[in-house]
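Numbering-wise, the sequence shown is residues 4 to 231 according to this note's numbering.
Note that CB positions come from ideal geometry on N, CA and C, so glycine has one too.
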Amino acid sequence: MTGNATGGVLLLVEDDDSIGRLVKQYLEQKDGWRVVWLRSGEEAIAELRRHPVRLVVLDIGLPGIDGFEVCRRMRAHSKVPIVMLTARDEEPDRVAGLELGADDYVAKPFSPRELAARIKAILRRVEHRSEDEVLSARAVVLRRDSREVTVDGKPVELTGKEFDLLACFLEHPGIVLSRERLLDLVWGMTYPGGTRTVDVHVAQLRRKLGDPDGIRTVRGAGYKLVPS
(Lines of atoms letter the chains of each structure in order from A and count residues from 1; the text may use other names and numbers.)
(Lines give C-alpha, C1' and ligand atoms only; values in the text may rest on other atoms or scores of the structure.)
Protein backbone atom coordinates (compact mmCIF):
# COMPACT_ATOMS: atom_id res chain seq x y z
CA MET A 1 0.00 0.00 0.00
CA THR A 2 1.47 3.31 -1.02
CA GLY A 3 0.68 6.97 -1.20
CA ASN A 4 -1.41 8.74 1.40
CA ALA A 5 -4.07 6.03 1.52
CA THR A 6 -4.57 4.82 5.05
CA GLY A 7 -5.27 1.29 6.19
CA GLY A 8 -3.25 -1.67 7.37
CA VAL A 9 -2.00 -2.33 10.88
CA LEU A 10 -1.42 0.63 13.19
CA LEU A 11 0.19 0.04 16.58
CA LEU A 12 -1.33 2.35 19.22
CA VAL A 13 0.65 2.47 22.49
CA GLU A 14 -1.36 4.46 25.04
CA ASP A 15 -2.14 3.63 28.69
CA ASP A 16 -4.96 6.18 29.07
CA ASP A 17 -8.21 4.29 28.42
CA SER A 18 -10.25 7.28 27.27
CA ILE A 19 -7.62 8.44 24.77
CA GLY A 20 -6.95 4.91 23.57
CA ARG A 21 -10.63 4.16 22.95
CA LEU A 22 -11.20 7.48 21.18
CA VAL A 23 -8.18 7.14 18.87
CA LYS A 24 -8.83 3.47 18.10
CA GLN A 25 -12.48 4.09 17.25
CA TYR A 26 -11.77 7.12 15.07
CA LEU A 27 -8.91 5.59 13.08
CA GLU A 28 -10.75 2.33 12.50
CA GLN A 29 -14.09 3.86 11.53
CA LYS A 30 -12.91 6.92 9.62
CA ASP A 31 -9.67 5.77 8.00
CA GLY A 32 -9.94 1.99 7.84
CA TRP A 33 -6.98 1.12 10.05
CA ARG A 34 -6.72 -2.13 11.97
CA VAL A 35 -5.59 -0.71 15.30
CA VAL A 36 -3.65 -2.92 17.73
CA TRP A 37 -4.01 -1.07 21.03
CA LEU A 38 -1.42 -1.75 23.75
CA ARG A 39 -0.86 -0.13 27.13
CA SER A 40 2.85 -0.68 27.77
CA GLY A 41 6.15 -0.23 25.98
CA GLU A 42 7.20 -3.81 26.65
CA GLU A 43 4.12 -5.10 24.83
CA ALA A 44 4.71 -2.69 21.95
CA ILE A 45 8.24 -3.86 21.30
CA ALA A 46 7.09 -7.49 21.28
CA GLU A 47 4.05 -6.84 19.06
CA LEU A 48 6.04 -4.86 16.49
CA ARG A 49 7.78 -8.11 15.59
CA ARG A 50 4.50 -10.03 15.29
CA HIS A 51 2.59 -7.77 12.89
CA PRO A 52 3.28 -6.09 9.54
CA VAL A 53 2.92 -2.69 11.23
CA ARG A 54 2.62 0.30 8.91
CA LEU A 55 2.77 3.03 11.56
CA VAL A 56 3.15 3.43 15.35
CA VAL A 57 1.38 5.99 17.54
CA LEU A 58 3.42 6.05 20.75
CA ASP A 59 2.69 7.84 24.04
CA ILE A 60 5.73 9.11 25.93
CA GLY A 61 4.30 8.78 29.45
CA LEU A 62 3.94 5.00 29.67
CA PRO A 63 4.21 2.79 32.75
CA GLY A 64 7.47 0.84 32.86
CA ILE A 65 9.80 1.87 30.07
CA ASP A 66 8.76 5.23 28.66
CA GLY A 67 8.05 6.19 25.08
CA PHE A 68 11.54 7.56 24.50
CA GLU A 69 13.10 4.19 25.30
CA VAL A 70 10.47 2.36 23.25
CA CYS A 71 11.26 4.60 20.27
CA ARG A 72 14.98 3.99 20.67
CA ARG A 73 14.51 0.21 20.76
CA MET A 74 12.14 0.21 17.80
CA ARG A 75 14.57 2.29 15.75
CA ALA A 76 17.33 -0.21 16.46
CA HIS A 77 15.67 -2.72 14.13
CA SER A 78 12.78 -1.03 12.32
CA LYS A 79 12.12 1.97 10.03
CA VAL A 80 8.37 2.01 10.77
CA PRO A 81 7.04 5.60 11.01
CA ILE A 82 6.46 6.72 14.62
CA VAL A 83 4.20 9.51 15.90
CA MET A 84 4.81 10.40 19.55
CA LEU A 85 2.08 11.60 21.90
CA THR A 86 2.75 13.53 25.09
CA ALA A 87 1.03 15.70 27.64
CA ARG A 88 4.24 17.69 27.99
CA ASP A 89 4.66 20.44 25.43
CA GLU A 90 8.25 21.23 26.29
CA GLU A 91 10.84 21.73 23.55
CA PRO A 92 13.41 19.33 25.12
CA ASP A 93 10.84 16.53 24.92
CA ARG A 94 10.05 17.33 21.29
CA VAL A 95 13.73 17.41 20.40
CA ALA A 96 14.46 14.20 22.29
CA GLY A 97 11.72 12.27 20.51
CA LEU A 98 12.63 13.55 17.07
CA GLU A 99 16.34 12.92 17.58
CA LEU A 100 15.58 9.33 18.59
CA GLY A 101 13.98 8.87 15.18
CA ALA A 102 10.31 9.75 15.69
CA ASP A 103 8.66 11.15 12.57
CA ASP A 104 6.25 13.56 14.22
CA TYR A 105 5.04 14.79 17.59
CA VAL A 106 1.49 15.55 18.78
CA ALA A 107 0.90 17.27 22.13
CA LYS A 108 -2.14 16.45 24.26
CA PRO A 109 -4.88 17.47 24.20
CA PHE A 110 -5.39 16.80 20.49
CA SER A 111 -8.28 15.90 18.25
CA PRO A 112 -8.38 12.50 16.50
CA ARG A 113 -8.84 14.42 13.25
CA GLU A 114 -5.54 16.25 13.78
CA LEU A 115 -3.75 12.99 14.54
CA ALA A 116 -5.24 11.37 11.41
CA ALA A 117 -4.04 14.31 9.30
CA ARG A 118 -0.50 14.02 10.71
CA ILE A 119 -0.51 10.29 9.97
CA LYS A 120 -1.51 10.87 6.34
CA ALA A 121 1.21 13.51 5.94
CA ILE A 122 3.84 11.11 7.28
CA LEU A 123 2.73 8.33 4.94
CA ARG A 124 2.90 10.67 1.95
CA ARG A 125 6.44 11.66 2.87
CA VAL A 126 7.79 8.24 3.82
CA GLU A 127 6.14 6.13 1.14
CA HIS A 128 6.75 8.51 -1.75
CA ARG A 129 10.45 8.90 -1.10
CA SER A 130 13.12 7.59 -3.46
CA GLU A 131 13.33 3.81 -3.50
CA ASP A 132 17.10 3.83 -3.93
CA GLU A 133 18.61 1.99 -0.98
CA VAL A 134 22.09 3.42 -1.60
CA LEU A 135 22.63 7.15 -2.20
CA SER A 136 25.99 8.77 -2.79
CA ALA A 137 27.71 12.03 -3.66
CA ARG A 138 31.22 13.37 -3.23
CA ALA A 139 32.84 10.94 -0.74
CA VAL A 140 29.56 10.16 1.06
CA VAL A 141 27.70 6.85 0.78
CA LEU A 142 24.36 6.41 2.57
CA ARG A 143 22.66 3.02 2.95
CA ARG A 144 19.00 3.15 3.88
CA ASP A 145 18.52 -0.51 4.80
CA SER A 146 21.24 -0.49 7.47
CA ARG A 147 20.98 3.28 8.13
CA GLU A 148 24.75 3.58 7.73
CA VAL A 149 26.80 6.47 6.36
CA THR A 150 30.44 6.38 5.32
CA VAL A 151 32.83 9.10 4.16
CA ASP A 152 35.83 7.83 2.19
CA GLY A 153 34.86 4.36 3.42
CA LYS A 154 34.95 5.35 7.10
CA PRO A 155 31.73 5.11 9.17
CA VAL A 156 30.13 8.32 10.43
CA GLU A 157 27.70 8.32 13.36
CA LEU A 158 24.58 10.41 12.72
CA THR A 159 21.41 10.96 14.72
CA GLY A 160 18.10 9.89 13.20
CA LYS A 161 17.25 13.34 11.88
CA GLU A 162 20.78 14.00 10.64
CA PHE A 163 20.55 10.76 8.64
CA ASP A 164 17.14 11.73 7.20
CA LEU A 165 18.35 15.23 6.35
CA LEU A 166 21.42 13.90 4.56
CA ALA A 167 19.23 11.45 2.62
CA CYS A 168 17.01 14.35 1.60
CA PHE A 169 19.99 16.32 0.24
CA LEU A 170 21.29 13.23 -1.59
CA GLU A 171 17.87 12.72 -3.19
CA HIS A 172 17.96 16.31 -4.53
CA PRO A 173 21.56 16.92 -5.70
CA GLY A 174 22.17 20.45 -6.93
CA ILE A 175 18.63 21.57 -6.06
CA VAL A 176 18.09 24.48 -3.68
CA LEU A 177 15.81 23.43 -0.80
CA SER A 178 14.33 26.12 1.42
CA ARG A 179 14.34 25.68 5.18
CA GLU A 180 10.55 25.35 5.12
CA ARG A 181 10.75 22.64 2.46
CA LEU A 182 13.38 20.76 4.46
CA LEU A 183 11.19 20.94 7.55
CA ASP A 184 8.33 19.44 5.57
CA LEU A 185 10.42 16.71 3.95
CA VAL A 186 12.44 15.67 7.00
CA TRP A 187 10.35 16.58 10.03
CA GLY A 188 6.99 16.34 8.29
CA MET A 189 5.40 19.27 10.06
CA THR A 190 5.76 22.91 10.98
CA TYR A 191 8.35 22.17 13.64
CA PRO A 192 7.64 24.10 16.87
CA GLY A 193 11.30 25.10 17.09
CA GLY A 194 11.09 26.90 13.76
CA THR A 195 13.51 26.84 10.85
CA ARG A 196 16.46 27.38 13.18
CA THR A 197 16.52 23.62 13.75
CA VAL A 198 17.41 23.15 10.06
CA ASP A 199 20.42 25.46 10.42
CA VAL A 200 21.59 23.56 13.50
CA HIS A 201 21.28 20.17 11.80
CA VAL A 202 23.04 21.37 8.63
CA ALA A 203 25.91 22.67 10.76
CA GLN A 204 26.12 19.30 12.55
CA LEU A 205 26.13 17.45 9.22
CA ARG A 206 28.91 19.60 7.81
CA ARG A 207 31.02 18.99 10.90
CA LYS A 208 30.44 15.24 11.04
CA LEU A 209 30.98 14.72 7.31
CA GLY A 210 34.15 16.83 7.41
CA ASP A 211 33.10 18.64 4.25
CA PRO A 212 31.89 22.21 4.93
CA ASP A 213 31.53 22.95 1.21
CA GLY A 214 29.37 19.93 0.39
CA ILE A 215 26.13 21.51 1.60
CA ARG A 216 26.13 25.10 0.37
CA THR A 217 24.13 27.96 1.84
CA VAL A 218 22.21 29.85 -0.85
CA ARG A 219 21.57 33.28 0.62
CA GLY A 220 17.89 34.06 0.99
CA ALA A 221 16.87 30.72 -0.50
CA GLY A 222 18.06 27.77 1.59
CA TYR A 223 20.63 25.01 1.08
CA LYS A 224 21.77 22.71 -1.70
CA LEU A 225 24.03 19.70 -1.98
CA VAL A 226 26.97 20.29 -4.32
CA PRO A 227 27.25 16.88 -6.07
CA SER A 228 30.96 17.05 -6.83
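Check: Expected contact under 8 Å - CB spacing of Leu228 and Gly217 to nearest Å; Outcome: 7 Å
Check: Inter-residue spacing [alpha-carbon to alpha-carbon] between Val143 and Val203; Outcome: 20 Å
Check: Simplified DSSP assignment, three categories, for Ile122; Outcome: helix
Check: Coarse secondary structure for Pro55, derived from DSSP in three states; Outcome: coil
Check: Pick from Arg127, Val154, Gly100 that is closest to Leu138, judged by C-alpha positions; Outcome: Val154
Check: Run of the beta strand (DSSP E) containing Arg219, from where it starts to where it stops; Outcome: 218–221
Check: DSSP-derived helix/strand/coil call for Ala140; Outcome: strand
Check: Cβ pair Arg78, Ile68 closer than 9 Å; Outcome: no
Check: N-terminal and C-terminal residue of the alpha helix (DSSP H) that Ile2 is part of; Outcome: This structure gives no information on residue 2, because the portion of the chain shown stretches from 4 to 231.
Check: Pairwise C-alpha distance: Asp96 and Leu180; Outcome: 27 Å
Check: Cβ contact (3+ pairs, closer than 8 Å) linking the segment 104–124 and the segment 26–36; Outcome: yes
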